[in-house]
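What follows is one structure encoded as structure tokens, with my remarks underneath.
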Amino acid sequence: MKNNNRKIKNLKSQKHRQFRALAARSNKYLNAKIAQHGGVSLFRGNKRINTYATVANMNNVAIKGKMAQVIQATTGVKQTREAYSSKELARMEFQEMLEAQALEARNARGHAEIICTVDDVISDIDRLVKKYSAS
Numbered sequence: 001m002k003n004n005n006r007k008i009k010n011l012k013s014q015k016h017r018q019f020r021a022l023a024a025r026s027n028k029y030l031n032a033k034i035a036q037h038g039g040v041s042l043f044r045g046n047k048r049i050n051t052y053a054t055v056a057n058m059n060n061v062a063i064k065g066k067m068a069q070v071i072q073a074t075t076g077v078k079q080t081r082e083a084y085s086s087k088e089l090a091r092m093e094f095q096e097m098l099e100a101q102a103l104e105a106r107n108a109r110g111h112a113e114i115i116c117t118v119d120d121v122i123s124d125i126d127r128l129v130k131k132y133s134a135s
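Going by UniProt numbering, the residue at position 44 of the sequence shown is 44; the numbering climbs one at a time, nothing skipped.
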């Protein structure tokens with residue numbers, strides 16, 4: 001029985017690592033699309049505009065309900081996604097891939113259009129999750 005439990009635990013951790021790898025790949029893909037569509041990381045006057053950080057925070061809030069800094073502080077992880085379950089990582093991968101596709105489909109340009117597009121995708125996914133999740 002112990003050996004069986006160990007096998008199940010190893011299988012779960014292997015699956016979790018696979019979800020982490022897929023989510024890391026989707027994040028790189030989304031960031032590349034953000035760059036292609038004019039995403040920025042700069043200072044204007046004394047205001048910082050960072051499309052990449054804004055999108056990352058939007059995604060964290062959509063899935064975990066918290067910004068990265070809060071997730072890290074409350075869970076003690078260094079990388080935010082270490083605190084994600086396999087289910088949350090799967091949703092993140094799906095969400096980021098749809099966001100990248102939406103940027104292409106809409107031909108979004110610049111910070112504001114990218115943020116609006118990502119917000120629309122998140123809203124659509126949230127509606128579906130609420131519709132099909134058990135209460």
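Glycine included, each C-beta is placed from N, C-alpha and C at the ideal position.
Answer yes or no: do residue i and residue j have a C-beta to C-beta separation smaller than 8 Å?
i   : j    : result
N59 : Q36  : no
R20 : R81  : yes
I34 : I114 : yes
M97 : S26  : yes
S86 : K28  : no
What do you get for residue i, buried or exposed, if any count of 16 or more other CB atoms within 10 angstroms of its CB means buried?
i    : result
V129 : exposed
K47  : exposed
Would you kindly work out how many angstroms separate the C-alpha atoms of residue i and residue j, rounded to a whole number?
i           : j    : result
L89         : V61  : 13 Å
M92         : C116 : 18 Å
K84         : L30  : Looking at the sequence itself, residue 84 is Tyr, so the reference to Lys does not match. Roughly 19 Å between the two C-alpha positions.
V118        : R106 : 11 Å
E99         : D120 : 9 Å
Y132        : A112 : 31 Å
A53         : D124 : 21 Å
residue 151 : A56  : Absent from the model: residue 151. The displayed extent of the chain is 1 to 135, so no value can be given.
Stretch-stretch touch, CB-based, cutoff 8 Å, three pairs: the region 35-49 with the region 69-86: Output reads no: the region 69-86 does not touch the region 35-49.
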